[in-house]
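Visitor: Residue numbers (the working numbering): 97 to 181.
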Ligand SMILES: [Zn+2]
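#1: With DSSP as the reference, identify every bridge partner of residue 128, one or two as the case may be.
#2: Answer yes or no: the CB of residue 143 versus the heavy atoms of ligand 1, is any distance below 6 Å?
#3: Once the 5 residues before and after residue 177 are set aside, which same chain residues still bring their CB inside 8 Å of it?
#4: Could you check which residue in 100, 148, 136 has the C-alpha nearest to that of residue 119?
#5: Put residue 146 into one of helix, strand or coil per three-state DSSP.
#6: By the DSSP assignment, the beta strand (DSSP E) with residue 112 in it spans what residues?
In structure tokens form, the structure reads like this:
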């Protein structure tokens, strides 16, 4: 059985960036765009290697990369409030 849960990912400014289905435990390093359940940044439209910004405070929230052929956002740990489950 697949385990995991939906978590909220906030910017340090408090803005809710995404809700994400995270499988397994541990620190969140990257998010697969296809697994976002709520996307307040518009990541589904951005290109690989672009660096999306928080819509609220305009800080870089990470960089888009291809991981196993799927677009993913590698989080900028300095901007994202750290999440552990
Ligand atoms: Zn922000």
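Glycine included, C-beta positions come from ideal geometry on N, C-alpha and C. Note that this is a predicted model, so its numbers are computed, not measured.
Guide: Taking the geometry as given:
#1: As a position in the chain shown, residue 128 is number 32, starting the count at 1. 168.
#2: Start at 1 with the first residue of the chain shown, and residue 143 comes out as number 47. Result no, Cβ not under 6 Å from ligand 1.
#3: One-based indexing of the chain shown puts residue 177 at position 81. Closer than 8 Å at Cβ, skipping near neighbours: 105, 106, 107, 108.
#4: Translated into the one-based positions of the chain shown, residue 119 becomes position 23. Out of 100, 148, 136, 100 has the C-alpha closest to the C-alpha of residue 119.
#5: Numbered from its first residue, the chain shown carries residue 146 at position 50. Residue 146 carries a coil assignment under DSSP once its states are collapsed to helix, strand and coil.
#6: Here residue 112 refers to the residue found at position 16 of the chain shown. Counted as a single uninterrupted DSSP element, the beta strand (DSSP E) harbouring residue 112 occupies residues 112-119.
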